[in-house]
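A.B. asks: Residue numbers (our numbering), protein chains in the order written: chain A, 1 to 286; chain B, 1001 to 1286; chain C, 2001 to 2286; chain D, 3001 to 3286.
Number of protein chains: 4
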Amino acid sequence: MKKLTDQILKDVITPRPENSFKGTFGKVTLIGGNRNFGGAIIMASTAAVCAGAGLVTTATDEINASALHAQLPEAMFADFTDDALVADLTQAATSVVVGPGLGNDKTSLRILKNVFAHTTEKQNVIIDGSAITLMAIEKLEQPQGNIIYTPHEMEWQRLSGIKIGEQTEDKNRAAQEKLGATVVLKKHHTEIYTDDQVYQLPIGTPAQAVGGMGDTLAGMVGGFTAEFNDKADKAVLAAVYAHSAIAEKIAESQYIVLPHQISRALPTFMKKMEKLDDNHHIGFLN
Amino acid sequence: MKKLTDQILKDVITPRPENSFKGTFGKVTLIGGNRNFGGAIIMASTAAVCAGAGLVTTATDEINASALHAQLPEAMFADFTDDALVADLTQAATSVVVGPGLGNDKTSLRILKNVFAHTTEKQNVIIDGSAITLMAIEKLEQPQGNIIYTPHEMEWQRLSGIKIGEQTEDKNRAAQEKLGATVVLKKHHTEIYTDDQVYQLPIGTPAQAVGGMGDTLAGMVGGFTAEFNDKADKAVLAAVYAHSAIAEKIAESQYIVLPHQISRALPTFMKKMEKLDDNHHIGFLN
Amino acid sequence: MKKLTDQILKDVITPRPENSFKGTFGKVTLIGGNRNFGGAIIMASTAAVCAGAGLVTTATDEINASALHAQLPEAMFADFTDDALVADLTQAATSVVVGPGLGNDKTSLRILKNVFAHTTEKQNVIIDGSAITLMAIEKLEQPQGNIIYTPHEMEWQRLSGIKIGEQTEDKNRAAQEKLGATVVLKKHHTEIYTDDQVYQLPIGTPAQAVGGMGDTLAGMVGGFTAEFNDKADKAVLAAVYAHSAIAEKIAESQYIVLPHQISRALPTFMKKMEKLDDNHHIGFLN
Amino acid sequence: MKKLTDQILKDVITPRPENSFKGTFGKVTLIGGNRNFGGAIIMASTAAVCAGAGLVTTATDEINASALHAQLPEAMFADFTDDALVADLTQAATSVVVGPGLGNDKTSLRILKNVFAHTTEKQNVIIDGSAITLMAIEKLEQPQGNIIYTPHEMEWQRLSGIKIGEQTEDKNRAAQEKLGATVVLKKHHTEIYTDDQVYQLPIGTPAQAVGGMGDTLAGMVGGFTAEFNDKADKAVLAAVYAHSAIAEKIAESQYIVLPHQISRALPTFMKKMEKLDDNHHIGFLN
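(1) How big is the Cα-Cα spacing for S45/A and N104/A?
(2) Kindly indicate the opening and closing residues of the alpha helix (DSSP H) around E1169/B.
(3) Is any beta-carbon of chain D found at less than 8 Å from that of A1075/B?
(4) Going by beta-carbon coordinates alone, are V1184/B and V1240/B separated by less than 8 Å?
(5) Where in the segment 3012-3036 of chain D do unbroken runs of the alpha helix (DSSP H), each at least 4 residues long, occur, reported from the N-terminal end onward?
(6) In terms of alpha-carbon separation, which member of G3223/D, S3020/D, E3141/D lies closest to N3124/D?
(7) Does any C-beta atom of chain C lie closer than 8 Å to the C-beta of S160/A?
(8) Are E3191/D and I3013/D closer than 8 Å when you measure CB to CB?
(9) Is the Cβ of S66/A closer than 8 Å to any Cβ of chain C?
(10) Okay, do the segment 48-61 of chain A and the segment 1036-1051 of chain B touch, 3+ Cβ pairs below 8 Å being the bar?
(11) So, for L2201/C: in the same chain, excluding its five sequence neighbours on each side, which residues have a beta-carbon less than 7 Å away from its beta-carbon?
(12) Where do the ends of the beta strand (DSSP E) carrying F3077/D lie?
(13) Can you list the residues of chain C that N3124/D reaches, using a CB-CB cut of under 7 Å?
(14) Apart from the five residues on each side of it in sequence, which residues of its chain come closer than 8 Å, Cβ to Cβ, to M43/A?
(15) Given a cut-off of 8 Å, decide if L2102/C and G2145/C are closer than it, judged by their beta-carbon atoms.
(16) Rounded to the nearest angstrom, how far is the Cβ of A2090/C from that of T2133/C, given a contact under 8 Å?
(17) Tell me L185/A's beta-bridge partners as DSSP assigns them.
(18) Throw me the rounded Cβ distance for the I1148/B and V1086/B pair, which I believe falls under 8 Å.
(19) Leaving out five residues before and five after D3079/D in sequence, what residues of the same chain have Cβ atoms less than 6 Å from its Cβ?
(20) Under 6 Å Cβ to Cβ from F2284/C, same chain only, skipping five residues before and after it: list those, please.
(21) Using a Cβ-Cβ cut-off of 8 Å, state whether P267/A counts as contacting chain D.
(22) Which residue marks the beginning of the beta strand (DSSP E) containing N1146/B, and which one marks its end?
(23) From the DSSP output, read off the bridge partner residues of I2098/C.
(24) Closer than 6 Å by C-beta to W3156/D: which residues in its own chain qualify, once you throw out the five before and the five after it? Chain order, please.
(25) For K2002/C, which three-state DSSP category applies?
(26) Would you kindly report the start and end of the unbroken alpha helix (DSSP H) that includes A3040/D?
(27) In chain order, what residues of the same chain have a beta carbon less than 6 Å from the beta carbon of A2226/C, not counting five sequence neighbours either side?
(28) Just curious, the beta strand (DSSP E) that T2057/C is in, first and last residue?
(29) Short of 6 Å in beta carbon distance, which residues of its chain neighbour L1276/B, apart from the five on each side in sequence? Order them along the chain.
(30) Is the distance from the Cβ of T3194/D to the Cβ of A3251/D below 8 Å?
(31) Do V1257/B and A1181/B have their beta-carbon atoms positioned less than 8 Å apart in this structure?
(32) Tell me, please, which residues DSSP counts as bridged to V2198/C.
(33) Just to confirm, is the Cβ distance from I1246/B to A1232/B under 8 Å?
(34) Assuming S3066/D contacts A2067/C under a Cβ cut-off of 8 Å, what Cβ separation, rounded to an integer in Å, is found between them?
(35) Would you call the CB atoms of G3209/D and T24/A closer than 8 Å?
(36) Kindly indicate if chain A contains any beta-carbon less than 8 Å away from that of M1213/B.
Structure, rendered in structure tokens:
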């Protein structure tokens, strides 16, 4: 297993080209947030916007529209039960994030199937939370695209069939190969399984053990892969690393980290990374 | 009566174990906030989240869903008139907080009875505000669980039958023993009656005399007992102490303290406590 | 005309008694904010809460409930078309603020009449904005209570019959005497007409020329008169002075002052006033 | 093409007259924000309020009312499908901003036609986003007023018929002359075509390539032209310059700039400009 270092941030977060416009940085469509779990998709969307994606649309239950715009006027709203609209928004995206707060009832399943039917080969498709559980239970086929799963250990058990106590590197690797997808296995020292390599995240803090932390990571992966789409594989790794690097910094003065604080810290953190030259390490920047 | 000191904070707020996840820090279900008093349950929920509970769900009137998520995307929402859902959420919780802004009409009573019917022996059950009043008026039986009442003097009069002018330590102690519950009697120098001991809070400020202060305390007790469930009795005391210690600090530069400011200050305050060694007192930290 | 000085702040904003609770600082009921002007009553309510009133209830159009609690969980909500509830809340208040964003259609009039029918002799009743206009147009009788009008010049013309160009001290005084009420005439160098004296506000800044500034003042007068009810007449003057003193301070670094900034600055500003001894002037505190 | 300098800020942002009231600084009516794109009109309205317009009304889909007031209590709300109300608000405005998030369905078109039917010769009318697209597609006649278009290159292609690759100064100038309107052509180094002159904006940063940036600019142009209505032509240029000057400053420490940050920075930025004497340049102020 290869340990991730802050080098991944320097590789990915490079200065933006002078002559760029919002289209340069991609579109993210996030689908989730049922009547009960609206906060999850709002947190994921906040991460995608603050990461710097060009355009962000949030397809969610109508009850969440007000809170979404009260938190985040930068995101657009879509009713996630409007199948035609969700299909269009799925097809139009550079990165699709499906699952945060989606739930697992019949409506959730219908929405998920609709999304899966409209992704295409060139898109990044981040599958998170209840979308993973629904896939496993309903035995849905993996959709088209550059698929990135972000399960915690129980969700990974459901998807891969490997029980939590038996999730060794070898078994996980075999499961990843079968899926042909990237797997971000969220745990103490998160592991990322890709086609060529297994990475381990050596950083992180128990202050991150707060509901919504995973939704924020999923949104960051969506934002980074859209914005840095020409190096999407590295962008996944950079999002995972940045998520915990920011949390560690906040945790120096806080007992817990609220997920939205990571998102709101992204623009400043990413600027520091952009300026970092090869002789300086992230630790110097505090 | 034993005076509480900041030692209780050091005893309770210890470093989180490295290998922990959100489940480690418990689940809090808060039930309250009718059509008119939505702010109360939002403030209580904010306290529970900021205290560091692993997962927080807020069961409230549907009218409050938007404001809840606009303030606090980290909390999940449930319609408090959905009896089956509230029953499930009650049973699943480490700590249940019932009462802030619940109101005292027929619907409030139905909701309260539903909650009381589903608590279990191992849970912490914080009973606050109109839930205490309803219990007294409707002569409801005390539910199962580690019961913690957080009445102000008038609510305590209703529950215990002891008139405000006659609420002496002895009488209160006798009433507490009969109840077999912890009683946090909110007043100038709040008193906490437990099975083995009566404690007095020697700190606090009139800047706390603001609507919503008690809702915030109830939420903090919910958060602390869930997060530090293996020392739940001490966690109640620590929540009471921290609530006023933070308020005193804010009141050094403010004429009044807004309740949500206490909640938002919790992550930083708790970090300072975690770092405190035995030779240093909280006063050194300012 | 007597010029107000910062002495009025020292007279009114004194340390809170140690043994006080939220009931000590009064109740404010604010009525206003129709479908279109919800922001007005939210700004007024924010001022009342931040000024330190013990309990604040906002009676407004239901459409404003979410935004109210998203901004200000400390306030309680009531549907202003619920006549029985509004009557109760009016009677229960130490100070009633009616008018901010109330509008002037049939519903507004019905609500206003309902409020006017339920005020009592001992209450402070602040009549602002469209409530003044409706009174004048509909020739409503002045309600019971310690009445405080907060008109701008055009509203004063409607109420008193004195045209804007002819609003001299003598004429205004005569009109005030006929009304038997306090009149806060909002203008460049606001004038306050009371039973014994006419005061002029010598401070203020054109950075205050922003929509919502008057709603905030009405809310502050409501908050101050409830909190300092034993010196309610001085509390009106202190609210007017504090409103512009804070605005001047903010305007040192801002081209305009947003009304909610004044409210949010109140707790800190009032603390400074509380600490001020007689040899120090407010100017020293910056 | 004449390069804009910070001199335009000094020319426009001068100290407010002492004896002024909110009416002195004009009224802005903004129309846009359908069910899906509510954030756009909220961001535009925030810009208009923070720029210092005296009164701001936002006509939008009812679903956006809560989020508008949660973000911005200073703005008034109108249902944009209430034709009579929108007609009144259009006629009453100093500056009308139509288009941000308006959408392009039948309802959008009806609303746009209603607005266009009620503008008058003396008003500033800012036409943005989907309003430009609808005009082009539906071949709507240009409304009365001091018309200011704020298209990006694709919208300009639709309106002028000049393809993106062929949008030279000469062709754009000819199209502007035919329209008899000001054209703010948003691009890398934005160009402003007026009756007498073509200006180029030499500043700006790729950190501005974020959804909502244009909505914010449209709102700022609305705010500046209302507030500085006696020098409305220069106010357009000042708004364009200030928008990018603030963004550049924020981008010194952020990888991206969130649109609302520009609006919220306006009061402080404008104060600095007001104080600037002729020997000091904006760069000195950091």
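All residues carry an ideal CB built from backbone N, CA and C; glycine is no exception.
C.D. replies: In this structure, then:
(1) Position 45 of the first sequence, counting from 1, holds the residue named residue 45/A. Position 104 of the first sequence, counting from 1, holds the residue named residue 104/A. Using only the alpha carbons, I get a separation of about 20 Å.
(2) Along the second sequence, one-based indexing puts residue 1169/B at 169. It spans 1169-1179 - the alpha helix (DSSP H) in which E1169/B sits, taken as one unbroken run.
(3) The residue you call residue 1075/B lines up with position 75 of the second sequence. False, the Cβ-Cβ gap to chain D never drops below 8 Å.
(4) The residue given as residue 1184/B occupies position 184 in the second sequence. The residue given as residue 1240/B occupies position 240 in the second sequence. Yes, the pair counts as a contact, with Cβ atoms nearer than the cut-off.
(5) none
(6) Residue mapping note: residue 3124/D aligns to position 124 of the fourth sequence, counting from 1. Comparing Cα-Cα distances from N3124/D to each of G3223/D, S3020/D, E3141/D, the minimum goes to G3223/D.
(7) Taking the first residue of the first sequence as position 1, residue 160/A is located at position 160. Chain C contact via Cβ: absent.
(8) For the purposes of this step, residue 3191/D is taken as the residue at position 191 of the fourth sequence. For the purposes of this step, residue 3013/D is taken as the residue at position 13 of the fourth sequence. No, the pair does not count as a contact, with Cβ atoms beyond the cut-off.
(9) The count along the first sequence starts at 1 and reaches residue 66/A at position 66. At least one chain C Cβ lies under 8 Å of S66/A.
(10) no
(11) Counting from one through the third sequence, the residue named residue 2201/C turns up at place 201. Correct list, in chain order: L2004, H2189, T2190, V2240, Y2241, S2244.
(12) In the fourth sequence, the residue the question calls residue 3077/D occupies position 77. Where F3077/D is concerned, the enclosing beta strand (DSSP E) stretches over 3076-3079.
(13) The residue given as residue 3124/D occupies position 124 in the fourth sequence. By Cβ distance, chain C contributes nothing, its closest Cβ being about 18 Å from N3124/D, past 7 Å.
(14) For this step, residue 43/A is matched to residue 43 along the first sequence. Here the set comprises P100, G212, D215, T216, G219, P259, H260, S263.
(15) Along the third sequence, read from residue 1 onward, the residue named residue 2145/C stands at position 145. Along the third sequence, read from residue 1 onward, the residue named residue 2102/C stands at position 102. Not a contact, by the Cβ cut-off of 8 Å.
(16) As a working mapping, residue 2090/C is identified with position 90 in the third sequence. As a working mapping, residue 2133/C is identified with position 133 in the third sequence. With the sequence shown as reference, residue 2090/C is identified as Thr, and Ala is not the correct amino acid for it. The Cβ separation is near 20 Å, so there is no contact.
(17) Sequence index remark: in the first sequence, residue 185/A carries index 185 (1-based). The partner list for L185/A (beta bridge, DSSP) reads E191/A.
(18) Within the second sequence, numbered from 1, the residue matching residue 1148/B stands at position 148. Within the second sequence, numbered from 1, the residue matching residue 1086/B stands at position 86. Not confirmed; about 20 Å, so no contact.
(19) Residue 3079/D sits at position 79 when you count from the first residue of the fourth sequence. Same-chain partners within the cutoff: E3062.
(20) Locating residue 2284/C in the third sequence gives position 284, where the first residue counts as 1. The predicted model places F2284/C with a pLDDT of 44, which falls under 50 and marks its position as unreliable, so this point remains unresolved.
(21) Here residue 267/A refers to the residue found at position 267 of the first sequence. Yes, contact with chain D.
(22) The count along the second sequence starts at 1 and reaches residue 1146/B at position 146. 1146-1150 is the span of the beta strand (DSSP E), which, as asked, contains N1146/B.
(23) Sequence index remark: in the third sequence, residue 2098/C carries index 98 (1-based). According to the sequence displayed, residue 2098/C carries Val and not Ile. Partner(s): I2031/C, I2127/C.
(24) Sequence index remark: in the fourth sequence, residue 3156/D carries index 156 (1-based). Here the set comprises L3185.
(25) Start at 1 with the first residue of the third sequence, and residue 2002/C comes out as number 2. Strand.
(26) Along the fourth sequence, read from residue 1 onward, the residue named residue 3040/D stands at position 40. Run containing A3040/D: 3038-3051, per the alpha helix (DSSP H) assignment.
(27) The residue given as residue 2226/C occupies position 226 in the third sequence. Only G2026, V2028, A2053, T2094, S2095 meet the Cβ criterion.
(28) For the purposes of this step, residue 2057/C is taken as residue 57 along the third sequence, with counting starting at 1. Segment 2055-2060, the beta strand (DSSP E) holding T2057/C.
(29) The residue you call residue 1276/B lines up with position 276 of the second sequence. Counting only Cβ-Cβ distances below 6 Å, and skipping sequence neighbours, we find K1010.
(30) Taking the fourth sequence and counting its residues from 1, the one referred to as residue 3194/D is at position 194. Taking the fourth sequence and counting its residues from 1, the one referred to as residue 3251/D is at position 251. No, they are not a contact pair.
(31) Reading the second sequence from its first residue, position 181 is the one you call residue 1181/B. Reading the second sequence from its first residue, position 257 is the one you call residue 1257/B. It is not a contact, given that the beta carbons lie outside the stated cut-off.
(32) Residue 2198/C sits at position 198 when you count from the first residue of the third sequence. BP columns for V2198/C point to Y2193/C.
(33) Position 246 of the second sequence holds residue 1246/B. Position 232 of the second sequence holds residue 1232/B. For I1246/B and A1232/B, no; Cβs fall outside 8 Å.
(34) Counting from one through the fourth sequence, the residue named residue 3066/D turns up at place 66. Counting from one through the third sequence, the residue named residue 2067/C turns up at place 67. That pair is a contact at about 5 Å.
(35) Position 209 of the fourth sequence, counting from 1, holds the residue named residue 3209/D. Position 24 of the first sequence, counting from 1, holds the residue named residue 24/A. A quick correction: the sequence has Ala, not Gly, at residue 3209/D. Going by C-beta atoms, A3209/D is nearer than 8 Å to T24/A.
(36) Numbered from its first residue, the second sequence carries residue 1213/B at position 213. So, not an interface residue.
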